[in-house]
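Listed in order, the protein sequences are those of chains A and B.
Just so we're aligned, residue 167 is where the first sequence starts under this note's numbering, counting upward by one.
Just so we're aligned, residue 7 is where the second sequence starts under this note's numbering, counting upward by one.
Ideal Cβ positions, reconstructed from N, Cα and C, are used throughout, including at glycine.
This report concerns only the one structure given below.
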Amino acid sequence: MSWLSAVMLALNALWRNRTRAMLTTLGVVIGVASVIAMVSVGAGAQQRIATQLESMGTNSLVVRPGSQTRGGVRTGAGTTSTLSRDDAEAIADLPGVVAIAPSIRTSAQIRYRGTNWGTAVEGVTPDFTRVRNWPVVEGEFFTEQHVNGAAHVCVLGQTVAHELFGIASPVGETIVMKGVACRILGVLKEKGASAWGSDQDDSVFLPLTTVQRKIMGVTHIDRIEVETASREASFQVMKELKRLLRKRHRIATDQPEDFRMYNRAELAQTSEESARVFTWLLGSIASVSLLVGGIGIMNIMLVSVTERTHEIGIRMALGARRRDILWQFLLEAIMLSGAGGLIGVIIGVGGAVALSKFSQFPVSITPWSIVVAFLFAALVGIFFGLHPARKASRLQPIEALRYE
Amino acid sequence: MNSPIIEIKGLHKYYAMDGVQVHALRGIDLVVNEADFLAIMGPSGSGKSTLMNILGCLDIPDEGSYRLNGKDVTHMDSDELAILRNREIGFVFQSFNLLSRTSAIENVETPLIYAGVNKKERRERSAALLQRMGLGDRLYHLPNQLSGGQQQRVAIARALVTSPTLLLADEPTGNMDTATSQEIMDILCRLNQEEGLTILLITHEAEIAVRAKRSLILRDGRLEEGL
C-alpha cells in the first residue's frame, strides 16, 4: 500500500466520524495551547527578571562595612568606617576584577532657586556608570580630574531632575546642598525601582572626594562595587577579596570580619533558577492536560477499533497485511494529534499575544516551546495510537469477519 | 499450467469450542483444475465454513498440505497469506461484506489499494468491472442504497478486480429470492465459461449446485462425490 493511499484511507475514516474526530482533537488542542501559553508566561517572567538583573550588573560583588564587636557589644551592619578608598584600589588589582566603584552615601536637602528636594547624595567615581550599567542621557558624567580635585560638580538622577527642573534641562545649572554649590554636568538615564523597591533615580551623584571632604567630612567609604570578568570569575574574586581585606584590616583568623560581601551573581543565579523552575512548573502542569488529550485519543481509537472490527476483517480478506491495518489506525491517531497540535499552536500563540496585550504580564513566545509542544503532541498520537492500532492489526481475519 | 489451481492432501483441522476440541475437517483430498467450476454442498455443521476459510487462506490447516496455484500455503506467515489473498483469490460472501458508508467504486478499488496500484488505474479498472456487472450508473452509490443483487454484483466486481486465479463464493445466493439467485449464478457461469475463471462455490442449495460443472458433498468433515 502506498503512503498516499494510507493517508487517504485514514482521512476518509476520520471524515466519516468528523464530530467525534473534532472532539477528540479538542483535547490535544487545549493541551498544546496551554503548554505554549503557560511556557510563554513563564519565559516572560524569566526575561523580566533577566532584564532586571542585567540593569543591576550581574557580574558584580558588593563590599560593605560590617559590624564591630567592642567589649561584647556588636554594632549593626554598615556601622564601621573601616573601608577605605585604598581598600578599593587594592581590590582593583585582584585578578578577575574588571572595574571597581567605591561610593559613599548620605542624604541632603537640595536647593535650586525657590524650590528644594530631599534626596540621597552619593559620592562615586567615573567607573560608576560602567559598573552599575547606568549611562548618562544628557550632558556628561564627571571625570577622574573632578574626583582628584574634589570638584563642585554633580550628575542628577531622573527623579531629582524632574522634581527640581520639571521639563527644563538642568545641565549647566547650579544646585546647593549642605552649603556646597555644585554645577550640574549631566542627567542619568532612568533606572527605575531597585529589586528592593526603592527609587534608584531619586539620587544625586557627586565625585567621591567631594562628598567625603566637603559634605560629610569623613575619609571612609561605605560601599565598593566590584565588576568581574564573568559571572564564574566572581566566585573566585570573592574568595581572593575576602583574604585581601582580612589581611589589610589585620583581622586575626579567629575574629569575625569587619566587612560584608554580597555576590550579585549568586542572587542572579538564584532568581534565574527560580524563574526557570517556575517556567518548568507551568509547562509541566500544562503538559498534564496534553497527556489527558492523548488518553482521549487512545480511548476513541480503542472504540473505533472495536466498532470497525468487521471492516478490519473485510480488509484483511481483501489482502490488507497486518502493517497496512496498523498504519491505517496509527495514521488516524497521528492525524488527530497532529491537527490538534497545529490548532493548539495557533490558539496558544494567539492566547499568549492577547495576554500580553490586555494585561501587564510579560509574555515571551519562545520558538522552542512551540516546537516542543507540537512534537510532544505528535508523540502523544503515536504513543496512544500504537496500542489500539496494534490491537487492530493483530485481529484474526476469520474472527474479525465473523464479528458483527 | 499443468499444475492444478487447488491441490489438497490429507487435510485436517481442529478447533476448540467452549473448551471442547472439535475435529472439523477429517482428511480432505481435493484437486481443482483451471477453469473448473466446483460446487461443494453440505448441511450446516459439516465443516463448510472451516474448509472455506482454509481454501481462502484466512486460516491454515493443522495437518495435511494445501497448494494454491502451485504455492504451498501450509507454512506461510500472515503477511504472505495476505498477499496471496490479495493476488490469487477473489471472495464473494453470503453477506456481501461490502465496506459500509463507502461507495461501490471505492469498495471495488479496495483490493487494488493493498496491491499498490495507483489511483488512476484503480478507478479505471473498477469502473470497467462495475460497468460489466451492469452497475455503470451506480458507481457512487453506497451499499445501503443498492438492492441485495446489486450489492452482490459489486462484491463480484471487487473479487475480480485483481484478476485472481480463483473465485471463492461462500453461499453467494444465500439471502436472495430465486430470480436474483439465478441472476447471480448466471454471472458466475458466464465468467467460468467465457473467461475460464476457476470457481469454487459453497452452498447448501441443490438447485444452485447443479449449475456448477461438478459438485461434491461435505459430510462430517469428509468429502463425498455428489449428484
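Q) Opposite B:TYR21 in the DSSP bridges: which residues? A) Looking up residue 21 of chain B in the second sequence gives position 15. Residue pairing by DSSP puts B:TYR21 in a beta bridge opposite B:VAL28.
Q) Using Cβ-Cβ distances below 7 Å, what residues of the region 462-475 of chain A are close to chain B? A) Correct list: empty, as no residue qualifies.
Q. A:GLU339 and A:TYR278: beta carbons closer than 8 Å?
A. Translated into the one-based positions of the first sequence, residue 339 of chain A becomes position 173. Translated into the one-based positions of the first sequence, residue 278 of chain A becomes position 112. Closer than 8 Å, so yes.
Q: Measure from the C-beta of B:GLY154 to each C-beta in chain A and report whether the shortest distance is under 8 Å.
A: Residue numbering aside, residue 154 of chain B sits at position 148 when the second sequence is read from its first letter. Judged by the 8 Å Cβ criterion, B:GLY154 is not in contact with chain A.
Q) So with Cβ pairs under 8 Å, would you call B:ALA88 a contact of chain A? A) By 1-based counting over the second sequence, the position of residue 88 of chain B is 82. It does; some Cβ of chain A falls within 8 Å.
**Q.** alpha helix (DSSP H) segment containing B:GLN156, residue limits
**A.** The sequence position of residue 156 of chain B within the second sequence is 150, counting from 1. Start and end: 154-166.
Q.
List, in chain order, every chain B residue whose beta-carbon is nearer than 8 Å to that of A:ILE564.
A. Numbered from 1 along the first sequence, position 398 holds the residue referred to as residue 564 of chain A. Within chain B, the residues near A:ILE564 are ASN59, LEU64 and ASP65.
Q. Given that A:ARG556 touches chain B, what residues does it touch there, using C-beta distances under 7 Å?
A. The count along the first sequence starts at 1 and reaches residue 556 of chain A at position 390. Contact note: A:ARG556 does not reach chain B at a C-beta cutoff of 7 Å; the least C-beta distance is about 14 Å.
Q) From A:THR190 to A:ILE509, what does the alpha carbon distance come to, in whole angstroms? A) Residue numbering aside, residue 190 of chain A sits at position 24 when the first sequence is read from its first letter. Residue numbering aside, residue 509 of chain A sits at position 343 when the first sequence is read from its first letter. Computed Cα separation, rounded: 13 Å.
Q: Answer with buried or exposed for B:MET23, where buried requires no fewer than 16 other C-beta atoms within 10 angstroms of its C-beta.
A: As a first step, residue 23 of chain B must be located in the second sequence, where it is residue number 17. Counting other Cβ atoms within 10 Å of its Cβ, B:MET23 stays below 16 and is therefore classed as exposed.
Q: Kindly indicate the opening and closing residues of the alpha helix (DSSP H) around A:GLU356.
A: Reading the first sequence from its first residue, position 190 is the one you call residue 356 of chain A. Segment: none, A:GLU356 is in no alpha helix (DSSP H) and carries neither H nor E.
Q. Of all Cβ atoms in chain A, is any one closer than 8 Å to the Cβ of B:PHE43?
A. Counting from one through the second sequence, the residue named residue 43 of chain B turns up at place 37. B:PHE43 does not count as touching chain A.
Q. Looking only at DSSP bridge pairs, what is A:SER273 linked to?
A. Taking the first sequence and counting its residues from 1, the one referred to as residue 273 of chain A is at position 107. For A:SER273, the beta-bridge partners assigned by DSSP are A:ALA286.
Q. In chain A, which residues lie less than 7 Å from B:LEU105 when you measure between Cβ atoms?
A. Along the second sequence, one-based indexing puts residue 105 of chain B at 99. Counting only Cβ-Cβ distances below 7 Å, B:LEU105 has contacts in chain A at GLU477 and ILE480, in chain order.
Q: Just the chain A side, please: which residues come within less than 9 Å of B:ASN92 by C-beta, in chain order?
A: Walking along the second sequence from the start, residue 92 of chain B turns up at place 86. Listed along chain A are LEU484, GLY485, ALA486 and ARG487, each with a C-beta nearer than 9 Å to that of B:ASN92.
Q) Can you name, in chain order, every residue of its own chain whose Cβ lies under 7 Å from the Cβ of A:PHE495, other than the five neighbours on each side? A) Here the question's residue 495 of chain A lines up with position 329 in the first sequence. Here the set comprises MET467, VAL471, GLY551, PRO554, ALA555 and ALA558.
Q: Identify the continuous beta strand (DSSP E) that holds A:CYS320 and give its terminal residues.
A: Counting from one through the first sequence, the residue named residue 320 of chain A turns up at place 154. According to the DSSP assignment, A:CYS320 belongs to the beta strand (DSSP E) that extends over 319-322.
Q: Take the Cβ of A:LYS357 as the centre, count every other Cβ of all protein chains shown within 10 Å, and call the residue buried at 16 or more, exposed below.
A: For the purposes of this step, residue 357 of chain A is taken as residue 191 along the first sequence, with counting starting at 1. Residue environment analysis places A:LYS357 among the buried positions, since at least 16 neighbouring C-beta atoms fall within 10 angstroms of its C-beta.
Q | Residue-level contact to chain A via CB, B:SER132, 8 Å cutoff | A | Your numbering for residue 132 of chain B matches position 126 in the second sequence. Not closer than 8 Å to any Cβ of chain A, the Cβ of B:SER132 fails to qualify, so no.
Q: Would you list the residues sitting across from A:TYR278 in a DSSP beta bridge?
A: Taking the first residue of the first sequence as position 1, residue 278 of chain A is located at position 112. According to DSSP, A:TYR278 shares a beta bridge with A:THR281.
Q: Report back the beta-carbon spacing between B:GLY155 and B:THR186 to the nearest angstrom; my notes put them in contact at under 8 Å.
A: Within the second sequence, numbered from 1, the residue matching residue 155 of chain B stands at position 149. Within the second sequence, numbered from 1, the residue matching residue 186 of chain B stands at position 180. 4 Å between Cβ atoms; contact.
Q. For A:VAL392, which option in A:ILE196, A:TYR569, A:ARG214 and A:LEU260 has the closest C-alpha, if you only look at C-alpha atoms?
A. As a working note, residue 392 of chain A is residue 226 in the first sequence. Nearest C-alpha to A:VAL392: A:LEU260.
Q: Please list the residues of the region 173-205 of chain A that have a C-beta atom closer than 9 Å to any C-beta atom in chain B, keeping them in chain order.
A: Under the 9 Å Cβ criterion, the region 173-205 of chain A contributes MET174, LEU175, ASN178 and ARG182.
Q) When you compare only the Cα positions, how much space is there between B:ALA88 and A:ALA483? A) Indexing the second sequence from 1 puts residue 88 of chain B at position 82. Indexing the first sequence from 1 puts residue 483 of chain A at position 317. Their Cα atoms are separated by approximately 7 Å.
Q. Under the three-state reduction of DSSP, which class applies to B:ILE190: helix, strand or coil?
A. Numbered from its first residue, the second sequence carries residue 190 of chain B at position 184. Correct three-state label for B:ILE190: helix.
Q) Which two residues bound the contiguous beta strand (DSSP E) that contains B:GLY53? A) Reading the second sequence from its first residue, position 47 is the one you call residue 53 of chain B. For B:GLY53, there is no enclosing beta strand (DSSP E), as DSSP marks it with neither H nor E.
Q) To which residues of the same chain is A:GLY197 closer than 6 Å at the C-beta, ignoring the five residues directly before and after it? A) Residue numbering aside, residue 197 of chain A sits at position 31 when the first sequence is read from its first letter. For A:GLY197, the CB contacts under 6 Å within the same chain, skipping 5 residues up- and downstream, are SER455, LEU456 and GLY459 in chain order.
Q.
Could you check whether the Cβ of B:THR116 sits closer than 8 Å to any Cβ belonging to chain A?
A. Taking the first residue of the second sequence as 1, we reach residue 116 of chain B at position 110. Yes, B:THR116 counts as interfacial toward chain A.
Q) Relative to chain A, which residues along the region 197-224 of chain B have a C-beta separation below 7 Å, given in chain order? A) Correct list: empty, as no residue qualifies.
Q: Return the first residue and the last residue of the alpha helix (DSSP H) that A:PRO563 is part of.
A: For the purposes of this step, residue 563 of chain A is taken as the residue at position 397 of the first sequence. From DSSP, the alpha helix (DSSP H) with A:PRO563 extends over 563-568.
(Q) For B:MET7, count the other beta carbons within 10 Å of its own beta carbon; 16 or more makes it buried, fewer makes it exposed. Which is it? (A) The residue given as residue 7 of chain B occupies position 1 in the second sequence. Below a pLDDT of 50, predicted positions are generally treated as unreliable, and B:MET7, at 49, falls in that range; the measurement from the model is reported next regardless. When all chains shown are included, B:MET7 counts as exposed.
Q) What is the residue span of the alpha helix (DSSP H) that A:THR436 lies within? A) For the purposes of this step, residue 436 of chain A is taken as residue 270 along the first sequence, with counting starting at 1. 430-473 is the extent of the alpha helix (DSSP H) around A:THR436.
**Q.** Nearest-angstrom beta carbon gap, A:ALA286 and A:ARG271 [assumed within contact, 8 Å]
**A.** For the purposes of this step, residue 271 of chain A is taken as residue 105 along the first sequence, with counting starting at 1. For the purposes of this step, residue 286 of chain A is taken as residue 120 along the first sequence, with counting starting at 1. The C-beta distance from A:ARG271 to A:ALA286 rounds to 6 Å, short enough to meet the 8 Å contact threshold.
Q. With 16 as the cutoff for other CB atoms within 10 Å, does B:GLN157 come out buried or exposed?
A. Indexing the second sequence from 1 puts residue 157 of chain B at position 151. By the neighbour-count criterion, in which a residue is buried when 16 or more other Cβ atoms sit within 10 angstroms of its Cβ, B:GLN157 is buried.
Q) Closer than 8 Å, CB to CB, is B:GLY232 near chain A or not? A) Within the second sequence, numbered from 1, the residue matching residue 232 of chain B stands at position 226. At a cut-off of 8 Å between beta carbons, B:GLY232 makes no contact with chain A.
Q) Any beta-carbon of chain B closer than 8 Å to the one on A:LEU456? A) Your numbering for residue 456 of chain A matches position 290 in the first sequence. It does not; no Cβ of chain B falls within 8 Å.
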